[in-house]
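Counting with the numbering used here, you get residues 1304 to 1708 for the letters of the sequence shown. Reviewing the structure listed below.
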Amino acid sequence: MHAPLTSKPKLGFREFVALMAGLMAMTALSIDAMLPALPAIGTDLGVARSSDWQWVIAAFMLGFGAGQLIHGPLADRFGRRPVLLTSLGIGVALNLLAALSPTYTLLIAARIAAGLATASSRVLTTSIVRDRVSGDQMARTMSLISIVFMVVPILAPNLGQLILWMAPWRWIFGMLAAAGLLLLIWAGTRLPETLDPAKRLPLSFRRIAESFRFVLTHRLSIGYTAASTLLQGGLMGFLLSIQQILEVEFRAAHLFGLVFAAMAGPMAIASLFNSRMVVRLGTRAVSHRAIIAYVAIAGLHLGVALVGWETLASFVVLQAAMMCCFSLAGANFGAIAMEEMGHLAGTASSVQAFLQTVVGTMIGTVIGYAFDGTTVPLYTGFTLCGLGAVLAVAFAERGRLFGRR
């Protein structure tokens, strides 16, 4: 089901998917490329405690979450294109500021602001896709976008490490600025406006408050958003802990890029599988089974860690299996949460993404700070978050799982 565009489309489906994936990938690139550089950043800027290095990631995510409340209402009022292009330009400038920061305080401030700007890519990608398709077709499109998007977590740490071998860590921020500029040019020359002018909403406190209330009280929206938030929390805990786990527990920091790729790579395969199966089986049949498998694997991995059987091999294999389940659940949960939000897609995407990012980052920060030299805190967090997600889905569906609507 396709919505009419307000200008003649310039993008074919493949290029549309590639551009949307590129926009989504800016978030992952802004996080994952930093991971191997955290020790160098902390040492260079005089941050002694290794746990405090995590603020390079957490600060970006908090800004990213807060920014999502801004871009959606603006996009519903002024259109997707002007909001996207403006924020991309601001993001380029902020990454250059981060590259030149002489102090850790200024770097963290630049990261928060960069997160605010980059948030538009997450919100507007979902809104633009929802302008064009809905339901199972939206889940299929988002899964195809995720295939390209999932390549970034595999390449980004290796790209960051490659830059560190050749240049100081500041060049990583220069790379982010260059990537943002490329997307700005691409979107500026190729992406048409997708929001019909007749569907634009007034930018008023009353309208925004009513839209927020609708999104936060709609059973499907809030139930699946809560489930996605809990999954995001577990993932953030993993991202904040992975560097310390490899360095402290496994003494394998030099294998960071390879290990990260081995765990993230299966997500792309799962997204390809999802794009083909979701139309046949439905978003619910696929995602509900995936979240139950996620909990089972997390519980198994927690048991392995508790009895002291954890090895680098078990860590990689079981985490990769969990990543597959995360991929199968994530895109589908997002599509279901947006099913009945088409009339305010920008605002709905903002509210949902805000909760997922900010609350998810808070959960992940708690998990990350609980690191005790083993993987037990991480998989305790994964297990609890997974169980909470199952309960949230059951609430959204009134206890009826696996079916179609």
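Glycine residues also receive a C-beta, built at the ideal position from the N, C-alpha and C atoms. Bear in mind the structure is a predicted one, so any value in this text is a computation, not a measurement.
Reference residue i, options the options, closest by Cα
| i | options | result |
| --- | --- | --- |
| V1386 | R1443, G1649, G1663 | G1649 |
| H1646 | I1511, A1336, L1494, T1532 | I1511 |
| A1699 | N1635, V1610, G1368, A1530 | A1530 |
| E1318 | L1704, I1475, L1494 | L1494 |
| A1599 | C1627, T1586, M1580, A1588 | C1627 |
| A1634 | L1391, A1321, G1585 | G1585 |
| W1623 | I1457, L1427, V1518, T1528 | Note on identity: in this sequence residue 1623 is Ala, with Trp being the wrong assignment. Per the Cα distances, I1457. |
| R1583 | D1335, L1687, Q1440 | Q1440 |
| L1504 | D1379, R1516, H1374 | D1379 |
| G1663 | G1540, S1446, E1613, L1391 | G1540 |
| L1609 | D1675, R1592, A1640, H1557 | D1675 |
| T1428 | A1638, F1685, T1686 | A1638 |
| F1515 | V1654, L1400, A1343 | V1654 |
| A1272 | I1475, D1434, G1463, A1343 | The chain is shown from 1304 up to 1708; residue 1272 falls before or after that span and cannot be answered. |
| I1651 | V1350, D1434, E1552, L1462 | Looking at the sequence provided, one finds Ala at residue 1651 rather than Ile. Comparing Cα-Cα distances from A1651 to each of V1350, D1434, E1552, L1462, the minimum goes to D1434. |
| V1426 | L1397, T1660, A1351 | T1660 |
| A1501 | D1355, T1686, F1381, A1640 | F1381 |
| V1350 | T1492, L1399, T1406 | T1406 |
| A1482 | L1498, D1499, L1462 | L1462 |
| L1549 | E1513, S1617, H1521, T1492 | S1617 |
| L1388 | S1353, R1352, L1372, I1488 | I1488 |
Alpha-carbon spacing of residue i relative to residue j, whole angstroms
| i | j | result |
| --- | --- | --- |
| I1670 | S1544 | 8 Å |
| G1689 | G1345 | 33 Å |
| V1432 | H1604 | 36 Å |
| V1436 | R1509 | 28 Å |
| S1333 | L1479 | 7 Å |
| M1337 | F1629 | 22 Å |
| A1422 | G1370 | 5 Å |
| S1404 | A1340 | 15 Å |
| R1587 | L1704 | 7 Å |
| G1315 | A1321 | 10 Å |
| L1410 | M1570 | 31 Å |
| M1566 | V1619 | 6 Å |
| L1534 | L1348 | 33 Å |
| L1615 | W1468 | 25 Å |
| E1496 | A1324 | 17 Å |
| G1477 | I1466 | 10 Å |
| E1642 | R1701 | 16 Å |
| A1564 | L1558 | 10 Å |
| H1374 | M1580 | 32 Å |
| E1636 | L1484 | For the record, residue 1636 in the displayed sequence is Phe; it is not Glu. Roughly 31 Å separates the two Cα atoms. |
| L1658 | T1528 | 7 Å |
| G1368 | W1358 | 15 Å |
| W1612 | L1397 | 45 Å |
| F1363 | R1592 | 32 Å |
| D1709 | S1524 | Summary: the structure shown does not reach residue 1709, with the chain confined to residues 1304 through 1708, and so no result is reported for it. |
| P1307 | L1486 | Here the model assigns P1307 a pLDDT of 42, short of 50, so the residue's position is not dependable and the matter cannot be decided. |
| T1309 | D1499 | Caution is warranted here: a pLDDT of 43 is assigned to T1309, below 50, making its placement in the model unreliable, and the coordinate value is therefore given only provisionally. The alpha-carbon atoms of T1309 and D1499 are separated by roughly 5 Å. |
| K1311 | L1447 | Since pLDDT at K1311 reaches only 45, below the 50 mark, its modelled position is unreliable, and the value read off the structure follows with that caveat. If you take the alpha carbons of K1311 and L1447, they lie about 23 Å apart. |
| Q1464 | T1492 | 32 Å |
| L1686 | L1399 | Looking at the sequence itself, residue 1686 is Thr, so the reference to Leu does not match. In a straight line, the C-alpha of T1686 is about 39 Å away from that of L1399. |
| F1517 | G1606 | 41 Å |
| A1697 | S1353 | 39 Å |
| E1513 | L1372 | 14 Å |
Within 9 Å, strictly: CB atoms of residue i and residue j
| i | j | result |
| --- | --- | --- |
| Y1597 | A1632 | yes |
| R1443 | S1578 | yes |
| I1666 | T1532 | yes |
| A1490 | L1365 | no |
| R1383 | S1430 | yes |
| I1594 | A1692 | yes |
| V1562 | A1555 | yes |
| A1695 | G1418 | no |
| P1460 | G1560 | yes |
| L1506 | P1376 | yes |
| T1668 | A1361 | yes |
| D1335 | V1454 | no |
| A1413 | S1390 | no |
| M1329 | G1394 | yes |
| E1711 | T1677 | Past the boundaries of the shown model lies residue 1711; the chain is included only from 1304 to 1708, so the question cannot be answered. |
| L1621 | I1450 | no |
| A1656 | M1625 | no |
| W1472 | A1343 | yes |
| M1445 | H1521 | no |
C-beta neighbour in chain D for residue i, strict 9 Å
| i | result |
| --- | --- |
| I1415 | Among the chains in the structure shown there is no chain D, since it carries only a single protein chain. |
With three or more beta-carbon pairs closer than 8 Å as the criterion, would you say the region 1672–1688 touches the region 1544–1562? Taking 8 Å as the limit for Cβ pairs, the verdict is that the region 1544–1562 does touch the region 1672–1688.
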